[in-house]
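Heads up: the sequence lines are chains A and B, in that order. The numbering of the first sequence is the working numbering, which starts it at 11 and goes up by one. The numbering of the second sequence is the working numbering, which starts it at 11 and goes up by one.
Number of protein chains: 2
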Amino acid sequence: MTTRYFEDFEVGELMETAPVALSTDDIVEFAKLYDPQTFHTDPEAAKSSPYGGLIASGLQTIAVAFGQFIRLGYFVKSSLGGPATDDVDWLAPVRPGDELNTVVEVLEVRPSKSKPDRGIVRLQFTMKVDDIPVVRFISTTFLRRRPAG
Amino acid sequence: MTTRYFEDFEVGELMETAPVALSTDDIVEFAKLYDPQTFHTDPEAAKSSPYGGLIASGLQTIAVAFGQFIRLGYFVKSSLGGPATDDVDWLAPVRPGDELNTVVEVLEVRPSKSKPDRGIVRLQFTMKVDDIPVVRFISTTFLRRRPAG
Chain A
11 MTTRYFEDFE VGELMETAPV ALSTDDIVEF AKLYDPQTFH TDPEAAKSSP YGGLIASGLQ
71 TIAVAFGQFI RLGYFVKSSL GGPATDDVDW LAPVRPGDEL NTVVEVLEVR PSKSKPDRGI
131 VRLQFTMKVD DIPVVRFIST TFLRRRPAG
Chain B
11 MTTRYFEDFE VGELMETAPV ALSTDDIVEF AKLYDPQTFH TDPEAAKSSP YGGLIASGLQ
71 TIAVAFGQFI RLGYFVKSSL GGPATDDVDW LAPVRPGDEL NTVVEVLEVR PSKSKPDRGI
131 VRLQFTMKVD DIPVVRFIST TFLRRRPAG
């Protein structure tokens, strides 16, 4: 768990996060609060949905991917927050128990024009289940530059 | 709470959702699972962050906006799920107790080229606090066409 500052990210670099899975309860609990559609909240009713069973809210899948990246610890002292996320594509359903593996690629690294203490890093997240991409998105974050000395 | 099918959405139409607020506990609970950064998880440590206090994870704010829209009930029988979200911009922080008001505008409505039973609807979500936009994003959903008869 070592903080990485703006200067420590390089375009093309890949970062792997720890695998994780969502239980039926995890999926239902999230969806009741944030995406109450029956294919996310009701395992029985979900059987007759287009997905044939319970699937995680897409919003939960991007949150899981992001959370696993944050747990790598790189942003602990460096993140100044994120202004944007782009191009979120949900490519396949995520079901209870699926092993979710997220790889994060550095797409772009550029200094801030207006604020000399920071830079902008764009990261592409790809979450896979059994090597098949299920979610992909791009996240933009402001990162502190490495302190002098 | 009436289901609206593909044909029932019109470009330019505005839909208002019910106001809602996040408590400190709501913010911390979400962030511990999905975005464990101290300005989202630790009200005390957040005071010395760039935000000067606890703020909600951006991922939680889009989930709240989407959830409030789903609670209008329009998608109950019509939604076939969403393939994409685009252009998520976090414009200002969301703090505990802020009244969150989300307006949803219909940006685009088009029939599916490959599947005659459905169409594609693109909705722009704007969440405001005190009339100031705090989050904006575009969500794409597949919707069933109105059943015959």
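Glycine residues also receive a C-beta, built at the ideal position from the N, C-alpha and C atoms. As the structure is a prediction and not an experimental result, all values here were calculated from the model.
Could you compute how far the alpha carbon of residue i sits from the alpha carbon of residue j?
i	j	result
A102 (chain A)	M137 (chain A)	10 Å
V116 (chain B)	K125 (chain A)	36 Å
L133 (chain B)	F147 (chain B)	8 Å
S33 (chain B)	V104 (chain B)	11 Å
S89 (chain A)	F135 (chain A)	17 Å
Q47 (chain A)	A158 (chain A)	50 Å
L69 (chain B)	K123 (chain A)	26 Å
A31 (chain A)	P106 (chain A)	7 Å
D99 (chain A)	V145 (chain A)	6 Å
D45 (chain A)	G83 (chain B)	11 Å
A55 (chain A)	G63 (chain A)	8 Å
T151 (chain A)	E26 (chain A)	18 Å
A66 (chain B)	A41 (chain B)	8 Å
F16 (chain B)	P60 (chain A)	16 Å
A94 (chain A)	D96 (chain B)	10 Å
R120 (chain A)	V131 (chain A)	7 Å
Around the C-beta of residue i, are 16 or more other C-beta atoms found within 10 angstroms, so that it is buried, or is it exposed?
i	result
I142 (chain B)	exposed
S58 (chain B)	exposed
P29 (chain B)	exposed
T12 (chain A)	exposed
R128 (chain A)	buried
L24 (chain B)	exposed
V21 (chain B)	exposed
G92 (chain B)	buried
R14 (chain A)	buried
D3 (chain A)	This structure gives no information on residue 3 (chain A), because the portion of chain A shown stretches from 11 to 159.
Please decide whether residue i counts as near chain B, where near means a Cβ-Cβ distance under 8 Å.
i	result
D52 (chain A)	no
L43 (chain A)	yes
V131 (chain A)	no
Run through chain A and tell me which residues come within less than 8 Å of residue i, C-beta to C-beta.
i	result
P60 (chain B)	L90, G91
G77 (chain B)	L43, Y44, D45, P46
So which residues of chain B does residue i contact, with C-beta pairs closer than 7 Å?
i	result
T95 (chain A)	V98
I80 (chain A)	D45, P46, Q47
F72 (chain A)	Contrary to the premise, residue 72 (chain A) reads as Ile rather than Phe in this sequence. Here the neighbours are L69.
For residue i, which residues does DSSP report across the bridge?
i	result
D99 (chain A)	A:R146, B:A94
K138 (chain A)	A:N111, A:P143
G22 (chain A)	G22 (chain A) is not bridged to any residue.
F152 (chain A)	A:I130
V86 (chain A)	None; V86 (chain A) has no bridge partner.
E118 (chain B)	B:R132
V30 (chain B)	B:L110
Does any CB atom of chain A fall closer than 8 Å to the CB of residue i?
i	result
Q47 (chain B)	yes
I142 (chain B)	no
F16 (chain B)	no
G68 (chain B)	yes
Kindly list, in the order they appear in chain A, the residues whose Cβ is closer than 7 Å to that of residue i.
i	result
F85 (chain B)	Q47
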